[in-house]
Amino acid sequence: MINYDLVVIGGGPAGMAAALKAEECGVKKIVILERAESLGGILEQCIHTGFGLDYFGEELSGPEYADRFIQLVKKSTVDVKLNTMVLSIDDNKVVTAASSDEGLLKIQAKAIVLAMGCRERPRGALQMAGTRPSGIMTAGTAQRYVNIEGYMPGKKVVILGSGDIGLIMARRMTLEGAEVKVVCEIMPFSGGLTRNIVQCLNDYNIPLKLSTTVVATHGKERLEGVTIAKVDDKMQPIPGTEEYIDCDLLLLSVGLIPENELTKQANIPLDRVTKGAVVNEMRETEKDGIFACGNVLQVHDLVDFVTREAQLAGEGAAKYILGEGPKEKVYINTTPGHGVRYIVPQRINIKSGEDIKLYLRVGAIYKNARLVVEADGKIVSNKKHIKLAPGEMEDVLLPKDVIDGLNQDSKVSVYVEEA
């Protein structure tokens with residue numbers, strides 16, 4: 001049995017930021033467990049720029065952003081175990097892991113930070129008709145083939161889904177000489193950031209077809225083409241709108257799923273919308289001393305936001321280990337109102353004595369709306385004349401003076417009012 005104060009599971013941007021923040025706050029023995037052969041997580045294959053504008057105030061590529069934190073980890077006292085797969089977490093915070101270098105490990109932790117990131121939704125989740133030829137893969141897999149392995153997976157491309165990875169790969173495949181025929185999105189709006197729609201599709205004249213999906217794939221050994229069709233308001237294909245497109249590569253960018261198998265196995269309650277753990281304002285789950293941050297908690301748009309959230313979790317873990325947290329805890333739930341899909345954190349300690357930032361996503365596009373925070377029937381924050389979209393995370397502030405006036409029966413909600 002090895003003893004550590006803090007075990008961080010995942011060595012991506014969230015895990016590194018959480019570990020470094022915990023060390024800064026005074027935690028001595030910290031270890032990062034990473035199943036890959038290097039730190040950095042998904043950023044290693046994201047060679048495009050656009051990272052770091054919020055956190056560092058400059059534009060970086062994914063590997064550059066990751067390297068900033070890798071160098072800080074190397075200079076710190078944080079231990080790192082690579083090629084190490086965590087198998088389980090028990091009720092006493094004993095982490096069981098398998099390492100290619102050290103065999104089976106059992107680590108006793110005082111606190112744990114979950115930072116496992118997320119995975120892409122595969123074809124099997126889509127119930128797509130047709131054969132199973134080669135040439136159908138997730139956008140992230142294609143990104144790894146092109147950027148890391150140096151392979152070109154196809155020349156004539158159709159992309160299903162307009163998530164950020166799909167949009168970025170539309171541009172990447174075009175720059176590599178492929179022809180991107182179309183990007184299809186089943187929803188009536190894009191799921192990606194506005195800047196990615198402009199820079200990756202509009203700038204390269206790649207068509208985006210909304211309310212459209214792939215209904216069939218064709219080809220035996222290799223993909224030869226797909227059939228697309230318009231969908232109605234119930235997401236069902238409309239007969240007579242089918243169109244065949246000749247292609248040899250279908251990329252799927254149909255959503256990300258937080259990697260929460262460990263969380264479920266540890267019997268930590270999950271939010272049915274985010275698919276991540278239910279957490280408080282310091283990102284502590286409902287299991288005492290276990291924290292969650294980054295894409296394993298909620299899917300983020302920008303890695304800069306992942307870093308800030310991870311630092312919050314690292315600070316929370318440090319306060320838990322060092323016994324510096326609030327002495328009194330009275331929790332109330334945050335409630336998503338009209339137009340809001342979810343709020344993180346899902347519960348807040350009204351005895352925290354600090355301002356609390358609430359993160360949320362809306363369920364539709366609003367071009368001129370008000371984002372209202374209401375506490376006990378009183379409006380405490382009111383963002384007016386703003387554009388809201390499901391692909392872009394929003395945040396609102398719940399001030400300390402408002403929180404201090406709440407009690408255990410209080411209600412806090414956030415909702416959208418259309419202008």
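For what it's worth, the working numbering labels the leading residue of the sequence shown as 1, then goes sequentially. Quick reminder that beta carbons are idealized off the backbone N, C-alpha and C, glycines included.
Residue i - containing beta strand (DSSP E), residue span
i      : result
Glu284 : Counting along the chain, Glu284 falls outside any beta strand (DSSP E), and DSSP gives it neither H nor E.
Tyr342 : 340-344
Lys181 : 179-185
Thr263 : Careful: Thr263 lies outside any beta strand (DSSP E), inside the alpha helix (DSSP H) at 261-265.
Ala369 : 366-375
Thr335 : 331-336
Gly225 : 225-230
Ala292 : 290-292
Ile348 : 347-349
Tyr359 : 356-362
8 Å contact criterion, which residue i and residue j should meet: CB distance rounded
i      : j      : result
Gly219 : Pro133 : 4 Å
Leu250 : Val226 : 6 Å
Pro336 : Asn295 : With a Cβ gap of about 20 Å, Pro336 and Asn295 do not count as contacting.
Gln298 : Val344 : 5 Å
Cys184 : Val214 : 6 Å
Ile321 : Val27  : 6 Å
Val372 : Val414 : 7 Å
Tyr366 : Gly391 : No, Tyr366 and Gly391 are not in contact; Cβ-Cβ is about 13 Å, not under 8 Å.
Leu167 : Ile197 : 6 Å
Glu309 : Arg370 : Wrong, their Cβ atoms sit about 25 Å apart, outside the cutoff.
Glu176 : Val146 : 6 Å
Ile356 : Ile332 : With 8 Å as the limit, Ile356 and Ile332 do not qualify as a contact, their Cβ atoms being about 11 Å apart.
Identity of the residue in the options nearest residue i by Cα
i      : options                        : result
Ala330 : Gly339, Leu60, Ile321, Ile403  : It is Val, not Ala, that sits at residue 330 in the sequence shown. Answer by Cα proximity: Ile403.
Glu315 : Ser61, Gly140, Asn267, Ala111  : Ala111
Thr138 : Met235, Asn92, Pro122          : Pro122
Ala142 : Thr174, Gly124, Ala115         : Thr174
Cys118 : Ala313, Leu256, Lys209         : Leu256
Thr212 : Gln265, Leu223, Arg195, Asp233 : Asp233
Asp164 : Lys357, Ala317, Val303, Asp355 : Val303
Val396 : Lys378, Ala389, Glu374, Asn368 : Glu374
Phe51  : Asp91, Leu39, Gly41, Ala66     : Ala66
Val78  : Ala364, Lys29, Leu53           : Lys29
Glu95  : Asp5, Glu37, Ala419, His300    : Reading off the sequence, residue 95 comes out as Val, not Glu. For the residues Asp5, Glu37, Ala419, His300, the minimum Cα distance to Val95 belongs to Asp5.
Extent of the continuous alpha helix (DSSP H) to which residue i belongs
i      : result
Arg308 : 303-322
Arg395 : Rather than Arg, the amino acid found at residue 395 in this sequence is Asp. Not the alpha helix (DSSP H): Asp395 falls in the beta strand (DSSP E), residues 394-398.
Lys209 : It is not in any alpha helix (DSSP H) - Lys209 instead sits in the beta strand (DSSP E) that spans 208-210.
Leu167 : 164-175
Thr141 : 139-144
Buried/exposed call for residue i, threshold 16 Cβ in 10 Å
i      : result
Gln108 : exposed
Gly323 : exposed
Gly405 : exposed
Arg172 : buried
Pro207 : exposed
Ala178 : buried
Pro188 : exposed
Met16  : buried
Glu242 : exposed
Ala129 : exposed
Tyr359 : buried
Met235 : exposed
Met1   : exposed
Residue i CB to nearest heavy atom of the ligand PLP below 7 Å
i      : result
Pro390 : In the structure on display, the ligand PLP does not appear, and there are no ligands present to speak of.
In chain order, which alpha helix (DSSP H) runs of at least 4 residues are fully inside the stretch 19-102?
62-75
Which parts of the stretch 103-158 are runs of the beta strand (DSSP E), unbroken and 3 residues or longer, counting only runs that do not cross its ends?
103-114, 118-120, 136-138
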